[in-house]
Amino acid sequence: MSAPAPHRIVFANEKGGTGKSTTAVHIAIALAYRGARVVAIDLDQRQRTMARYLENRTTTAERRGIKLPTAECRVFEGDVEGLEALSRELGANADYIVYDTPGRDDELARHAATEADTLVTPMNDSFVDFDLIGQVEGETFKVKKLSFYAELIWEARIKRSRATIDQRRREMDWVVVRNRTGHVEARNMVRIEQALTELSKRVGFRVAQGLSERVIFRELFPSGLTLLDKGHLGDLGTSHLVARQELRTLVMALKLPAIVNPKAPLEPA
């Protein structure tokens, strides 16, 4: 019997500045800490944020002489056929493949999103970001239509559900992650929550609370360290401990398959 295909986790949003790459790296490292074999593919050839983050992590581990759970990462530039070939190559010995897509629409990003087992769409709590998945009425803030992106994912999910011949295919789980909610005005937050609830019933995504806007995430990038690297970060303030708990909550909310022990710690004791 052939080994099960690796679970594809795709972080996709056609808008930039939503914390997509930061969230992708932290989820990848969280899974690595649980003993999973994780590989990553960065489809943003210009920014290369995920790849650079993981490169920095390797450099820090070598410089300090420490071992840090990580993910092998490749930056890919090519066509869809080439992407699938790379996914098969890297996925042959992996439990999860984490894809980070650019903050724009392109062919590879669309393909990765429609082939996801778990599609994660981070968004800031604003109607500017909400416009990616749906449009609202200016007075009532009721959802009036789906966006092109939401229709694309909706159609992909329907197609996936009909593909019953290949029993190895999983149903796509689409999770919209609300990042950076801490600076949102309360009334606006309620309106966005209501709009998300309404739209989720139409297209079947789930909503999860993500990561707040915290300076620590920007400060960690040069070293490649994450909030999970307990013992290598020095003294952490209360806000950093809260951010770590937010990450734990997000990992649980994604409800990823139990390829590894779901009760295993996210970080060393």
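Residue numbers (the numbering used here): -3 to 265. Glycine residues also receive a C-beta, built at the ideal position from the N, C-alpha and C atoms.
CA-to-CA distance, residue 2 to residue 244, given in whole angstroms | CA-to-CA, the gap between residue 244 and residue 2 works out to about 22 Å.
Terminal residues of the continuous beta strand (DSSP E) containing residue 131?
-> Per DSSP, the unbroken beta strand (DSSP E) holding residue 131 starts and ends at 130 to 132.
Return the CA-CA distance between residue 74 and residue 113, expressed in angstroms with no decimal places.
-> So the two alpha carbons sit approximately 22 Å from each other.
Which value, in whole angstroms, describes the spacing of the CA atoms of residue 160 and residue 47?
-> Reliability of the predicted coordinates at residue 160 is poor, the pLDDT of 49 falling under 50, and no value is obtained from them.
Measure from the alpha carbon of residue 84 to the alpha carbon of each residue in 35, 124 and 105, then state which is nearest.
-> Check the Cα spacing between residue 84 and each of 35, 124 and 105: the tightest is with 35.
Report the three-state DSSP secondary structure of residue 7 (helix, strand or coil).
-> Secondary structure at residue 7: strand, using DSSP grouped into helix, strand and coil.
Which whole runs of the beta strand (DSSP E) in the region 112 to 153 are 3 residues long or more, in chain order?
-> Counting only runs of 3 or more, we get 114 to 120, 130 to 132 and 139 to 142.
Answer with buried or exposed for residue 17, where buried requires no fewer than 16 other C-beta atoms within 10 angstroms of its C-beta.
-> It is buried - the Cβ of residue 17 has at least 16 other Cβ atoms within 10 Å.
Where does residue 175 sit, in a helix, a strand or coil, going by DSSP?
-> Here residue 175 sits in strand by DSSP.
Taking Cβ to Cβ, would you say residue 27 is nearer than 8 Å to residue 92?
-> Yes.
Whether residue 224 touches residue 56 by CB criterion (8 Å) | Annotated as distal: residue 224 and residue 56, with beta-carbon spacing of 8 Å or more.
For the region 212 to 219 and the region 144 to 151, state whether three or more C-beta atom pairs, one from each stretch, are separated by less than 8 Å.
-> No, the region 212 to 219 does not touch the region 144 to 151.
Mind checking which residues open and close the beta strand (DSSP E) that includes residue 205?
-> 202 to 205 is the span of the beta strand (DSSP E), which, as asked, contains residue 205.
When 100, 59, 110 and 240 are compared against residue 76, the one with the closest alpha-carbon = Of the residues 100, 59, 110 and 240, the one whose Cα lies closest to the Cα of residue 76 is 110.
So residue 242 is in the beta strand (DSSP E); what residue range does that whole segment cover?
-> It is not in any beta strand (DSSP E) - residue 242 instead sits in the alpha helix (DSSP H) that spans 234 to 250.
CA nearest to the CA of residue 68, picked from 32, 78 and 60 | Among 32, 78 and 60, the Cα nearest to that of residue 68 belongs to 32.
Taking only the alpha-carbon atoms, compute the straight-line gap between residue 197 and residue 104 and give it to the nearest angstrom.
-> Rounded to the nearest angstrom, the two C-alpha atoms are 28 Å apart.
What are the residues that DSSP puts in a beta bridge with residue 70?
-> According to DSSP, which records beta bridges pairwise, residue 70 is partnered with 37.
So, helix, strand or coil for residue 93, using DSSP?
-> Under the three-state reduction of DSSP output, residue 93 falls in the strand class.
Going along the chain, which residues of its own chain have a beta-carbon closer than 6 Å to the beta-carbon of residue 7, five neighbours each way excluded?
-> If the five residues before and after residue 7 are omitted, its C-beta is found closer than 6 Å to the C-beta atoms of 16, 20, 96 and 116, all from its own chain and listed in chain order.
Please report the Cβ distance between residue 134 and residue 141, rounded to the nearest whole angstrom; I am assuming they are in contact, meaning their Cβ atoms lie under 8 Å.
-> Wrong, their Cβ atoms sit about 13 Å apart, outside the cutoff.
Run the CB neighbour count on residue 45, radius 10 Å, all protein chains shown included, and call it buried at 16 or more, exposed below.
-> Taking a 10 Å sphere around the C-beta of residue 45, we find 16 or more other C-beta atoms and assign the residue as buried.
Run of the alpha helix (DSSP H) containing residue 22, from where it starts to where it stops | Segment 16 to 29, the alpha helix (DSSP H) holding residue 22.
So what does residue 169 bridge to, in DSSP terms?
-> Listed as beta-bridge partners of residue 169 by DSSP are 114.
Three-way DSSP call (helix, strand, coil) for residue 208 in this model = For residue 208, the three-state secondary structure derived from DSSP is coil.
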